[in-house]
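Trainee: I am attaching a structure below and will ask some questions about it afterwards.
Numbering (mature numbering (1 follows the signal peptide of the UniProt record, and there is no 0)), first residue to last: -19 to -1, 1 to 249.
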C-alpha cells in the first residue's frame, strides 16, 4: 500500500509542476520573461546601429489583435521585402489588453528580419493593457532619431480617457516637434488619426496645427480604421497615411529620403 501511495504522490507532484508552466491562474496576470521587457528601448538601439543609407525603407502595419495566423503571414511577406530597416506597428497589438495577447503577438513579430516598434492602440488600453504595454514596450509617448529623421510615437486614444483633454499630450508633442536644432524630418505615428471620431474633437485642431505649422513634418502615420486611407486632410502640407488591419492582410512599405517620401501599398 505504501508503494502505491508513494507513487500517487510522486505523480501528483509531477502533474503540479508541469501544470504550473502552462496554467494562467488570472487572465489579468502580468508575467513577462526577461527578453520580453523594454522592447522599445532595445529595438531602438538595434535600429540606430544599422548603417545609414540615402533612402530609409520601413514598413507600417497594425491591428494584429486576434489575427495571429494573418500576422504570421505578414511576417513572411515582410521578410520577403528587401532592405527593410524596421517595422512600425500602429497599435491594437491586443484585442482585450490581456498580457498573454501581447506575448503571443511578440512571439510572432520577433520572427521578423528587422526590429519592430509599436504605438499603443485603443484595444491595448482596456483591462491591464497599459501596465502590460509599459512593461513589455515602455513609455506610451516616446521618440527616437535615426539619420535625418525623427520618429515621434504618441498615444492618440482619446475615447479611452473619456475625452478629458489629456490625450494626446499636446505639450509633450510640441516639445518633440520644436526641439529639433538639426531640422530633421519628423514623422508622427499614432493609432487613432485626428480626423476619426475616437480622437478628442476639442484637441483635433491644435494637434493638426502643431503638425501643419512645422515645416519638418510632411507625413503622419496611423492604424485603427482597418482599411487603407491617405490624404492631406487639413490642406497644410502634411499627408496622413492609415494602414489596414492584419485581418485585411495589408501594409505600407515606406521609403523616405532627405527631401521626399514614397509609400507602396502591399496586400498579402
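Glycine residues also receive a C-beta, built at the ideal position from the N, C-alpha and C atoms.
If distances are taken between C-alpha atoms only, which option among 95, 236 and 77 comes closest to residue 102?
Mentor: The shortest C-alpha separation from residue 102 is found at 77.
Trainee: Should residue 16 be counted as a contact of the ligand MN given a C-beta to heavy atom distance under 6 Å?
Mentor: The model depicted lacks the ligand MN and carries no ligand whatsoever.
Trainee: Look at residue 31 and residue 68 and say whether their C-beta atoms are less than 7 Å apart.
Mentor: In this structure, residue 68 does not lie closer than 7 Å to residue 31 by Cβ.
Trainee: Taking C-alpha atoms, which residue in 182, 154, 158 and 119 lies nearest to residue 145?
Mentor: Cα-wise, what sits closest to residue 145 is 182.
Trainee: Looking at residue 17 and residue 90, is the spacing between their C-beta atoms short of 7 Å?
Mentor: It is not a contact, given that the beta carbons lie outside the stated cut-off.
Trainee: Are residue 27 and residue 96 close, meaning C-beta to C-beta below 7 Å?
Mentor: Yes, they are a contact pair.
Trainee: Near residue 92, which residues of its chain fall below 7 Å by C-beta distance, leaving aside the five closest residues on each side in sequence?
Mentor: Cβ neighbours of residue 92 beyond the five flanking positions: 56.
Trainee: Kindly give me the distance between the Cβ atoms of residue 106 and residue 133, rounded to whole angstroms, as I take these residues to be in contact under 8 Å.
Mentor: Wrong, their Cβ atoms sit about 19 Å apart, outside the cutoff.
Trainee: Look at the Cβ atom of residue 137, then the Cβ atom of residue 86, and state whether they are nearer than 7 Å.
Mentor: It is not a contact, given that the beta carbons lie outside the stated cut-off.
Trainee: Specify, as a first and last residue, the run of the alpha helix (DSSP H) that residue 114 falls within.
Mentor: From DSSP, the alpha helix (DSSP H) with residue 114 extends over 110 to 117.
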